[in-house]
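Quick notes on the structure that follows.
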Amino acid sequence: MTTLLPGPDTVAQERRLVTELPGPRSRELAARRSAAVTSAVGSVLPVYVERASGGVVVDVDGNSFIDLGSGIAVTNVGHAAPEVVAAVQAQVAAFSHTCFMVGPYEGYVAVAEELDRLTPGDHEKRSALFNTGAEAVENAVKVARVATGRSAVVVFDHAYHGRTNLTMALTAKNMPYKNGFGPFAGEVYRVPMSYPYRDAPGTTGEQAAARAFDLIETQIGARNVAAVLIEPIQGEGGFVVPAPGFLAALSEWCRRSGAVFIADEVQTGFCRTGAWFASEHEGVVPDLVATAKGIAGGMPLAGVTGRAELMDAVHTGGLGGTYGGNPVACAAALATIRTMREQDLNAAARAIEATMLPRLHAIAERTGVVGDVRGRGAMLAVELVEPGTTEPDSALTNAISKACHAEGVITLTAGTHSNVLRFLPPLVIGQDLLTEGLDVLDAAFDAHAGK
Ligand code: PLZ
């Protein structure tokens with residue numbers, strides 16, 4: 002009953018292409034897919050996955066890819082992390098579902114304890130568990146509205162918060178997330194983000210925040226604001242790191258105005274940036290934190306954690322869901338967090354930054370097509386522009402990303418203008434594998450933007 006699935010020890014940690022891409026079995030699956038799966042759901046890679054382990058993903062034709070995407074910042078502990086696999090197997094054999102709202106169990110409580118401990122601030126906290134990042138964000142807004150008795154939610158340019166009706170409204174980018182899907186939820190107000198690369202040179206975090214406050218105060222009214230919601234480093238929006246002081250100024254404004262400061266740490270959380278949560282880099286203590294993705298090593302789980310008096314302001318039964326805090330997902334989360342502690346994956350993320358940043362800066366200098374290199378820890382990106390300008394170059398971004406895929410390296414793009422190449426390697430990725438991935442990236446830049 003406790004047989005382990007193949008882990009990092011049994012799947013070679015290597016890049017190895019043995020067929021053309023996509024290979025014959027992937028092509029067969031693509032044909033079946035187009036006859037069975039809606040074209041409304043897209044995929045980045047042209048190949049179909051058979052297994053994954055540590056820092057590699059193996060396709061159905063036996064091609065092995067270096068993963069610099071972690072399934073969009075999810076498998077921070079690596080694919081098929083042994084402790085997570087064992088915990089899931091044990092839990093699924095014991096019981097896989099009762100519904101916490103029907104028959105509660107320890108795993109949910111233990112995950113809440115971990116979240117209450119790990120999220121910034123040593124105040125009294127409470128947590129609730131859900132399935133997806135969008136659900137977590139949406140529930141954080143529900144809590145903020147009940148706790149304040151107010152309705153307005155302030156969000157930022159380039160923000161991404163999900164695909165449900167409320168979170169589409171909270172998300173900035175029209176295509177592909179919102180186009181045609183309205184009408185959207187009301188009482189959502191968007192203000193400018195601090196975006197050091199694109200703001201006037203020298204704009205401080207405080208100045209960028211003042212620009213937002215002026216709009217909030219003139220167009221919404223501070224006393225109508227239930228919450229200010231922000232990703233401490235924007236994810237889908239292009240790994241935008243706000244200027245120092247921006248987040249702290251927002252948090253302070255919320256405190257003064259009686260609004261709830263919500264950090265969407267769905268993509269930044271769980272060691273991704275070299276800290277448990279990205280808010281910590283700015284010394285910011287959010288009132289509520291939304292988590293998902295990296296929390297459970299690939300199982301669907303999400304959380305809202307925050308000040309006890311806010312979380313407990315909601316009437317009993319007001320938050321929940323059939324699967325929220327599923328026992329198998331909770332077991333995976335506890336094993337994931339244990340692995341992160343034992344292997345010090347915050348240090349691993351910082352080591353990845355130390356390896357990658359100089360390489361990304363070298364690409365910027367060599368090619369002249371990179372306007373900005375940014376990010377923290379193992380959440381790094383380059384923003385591609387036409388040489389000598391700040392004009393976004395999405396075609397080049399796409400070409401380089403595809404060239405990496407063709408050579409067996411999984412890369413992702415991001416950005417309002419789709420001109421950001423982003424890197425989110427599993428934090429357990431070996432140094433050799435990472436270096437090889439960067440060599441492939443170098444070659445892709447040289448082939449498409451070489452001088
Ligand atoms: N908040 C900050 O990054 C999910 C979206 C991929 P879900 N990001 C990946 C896509 O195109 O759908 C995300 C995020 C931040 C919320 C979410 C939403 O998390 O688990 O996808 O609902």
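If you count the sequence shown from 1, you need to add 1 to reach our numbering. Note that CB positions come from ideal geometry on N, CA and C, so glycine has one too. If you're wondering where the values come from, they're calculated on a predicted model, not measured in any experiment.
Taken atom to atom, the span from the alpha-carbon of P243 to that of G416 is near 15 Å. Short note on T340: C-beta not closer than 7 Å to any heavy atom of ligand 1. Relative to the non-hydrogen atoms of ligand 1, the Cβ of T417 never comes closer than 7 Å to any of them. For I67, the enclosing beta strand (DSSP E) begins and ends at 65-68.
For F247, the secondary structure class from DSSP, reduced to helix, strand or coil, is helix. Judged by beta-carbon spacing, T368 lies within the 8 Å limit of F446, meaning their Cβ atoms are closer than that value. Along the length of the segment 2-46, whole alpha helix (DSSP H) runs at least 4 residues long occupy 25-37, reported in chain order. The distance from the Cβ of V374 to that of L385 is about 11 Å, inconsistent with a contact at the 8 Å cut-off. CA-to-CA, the gap between M176 and N166 works out to about 15 Å. Approximately 15 Å separates the beta-carbon atoms of I296 and L289; this is outside 8 Å, ruling out the contact. Per DSSP, R360 lies in no beta strand (DSSP E) segment; the continuous alpha helix (DSSP H) that holds it begins and ends at 346-368. If you check the C-beta of R164 against ligand 1, you find a heavy atom less than 7 Å away.
Proximity to F262 across H362, Y198, F131, P121 peaks at P121, based on C-alpha coordinates. Apart from the 5 residues on each side of it in sequence, N140 sits with its Cβ closer than 7 Å to the Cβ of A129, F131, V305, L320 in its chain, given in chain order. Following the DSSP letters along the chain, one finds K174 in no alpha helix (DSSP H), marked with neither H nor E. Excluding its 5 nearest sequence neighbours in each direction, I338 has C-beta neighbours in its own chain below 7 Å: E115, listed in chain order. For A129, the uninterrupted beta strand (DSSP E) run begins and ends at 126-131, by DSSP. Beta-bridge partners of V410 (DSSP): I67.
At the C-beta level, A250 and G181 stay beyond 8 Å of one another. Excluding the 5 residues flanking it on each side, D313 has same chain C-beta neighbours closer than 7 Å at R127, in chain order. Three or more Cβ pairs closer than 8 Å define a contact, and the segment 258-276 falls short of that threshold against the segment 52-69. Excluding the 5 residues flanking it on each side, L311 has same chain C-beta neighbours closer than 8 Å at V144, A145, A148, V261, D288, L289, in chain order. Judged by their CB atoms, S65 and R33 are not nearer to each other than the 8 Å cut-off.
With distances taken between CA atoms, L248 lies nearest to A211 out of A330, C405, G222, A211. Measuring C-alpha to C-alpha distances from C405 to each of S395, Q432, A444 identifies A444 as the nearest. In this structure, R351 lies near G378, with their beta-carbon atoms less than 8 Å apart. Placement of the Cβ of Y161 at a distance of less than 7 Å from at least one heavy atom of ligand 1 is found.
According to the DSSP assignment, L442 belongs to the alpha helix (DSSP H) that extends over 432-450. Just so you know, the alpha carbons of T204 and L425 end up roughly 28 Å apart. DSSP, read as helix, strand or coil, puts I221 in helix. Runs of the beta strand (DSSP E) spanning 3 or more residues and lying entirely within the segment 135-207 occur at 153-157, 189-192, in chain order.
In this structure, DSSP gives E384 an extended state, which the three-state scheme calls strand.
For I338, the enclosing alpha helix (DSSP H) stretches over residues 328-343. Looking at the DSSP output, I263 bridges to L230, L289. Setting aside the 5 residues that flank it on each side, S35 has no residue in the same chain whose C-beta is closer than 8 Å to its C-beta. Each residue's CA atom was taken as its position, placing L346 and P23 some 33 Å apart.
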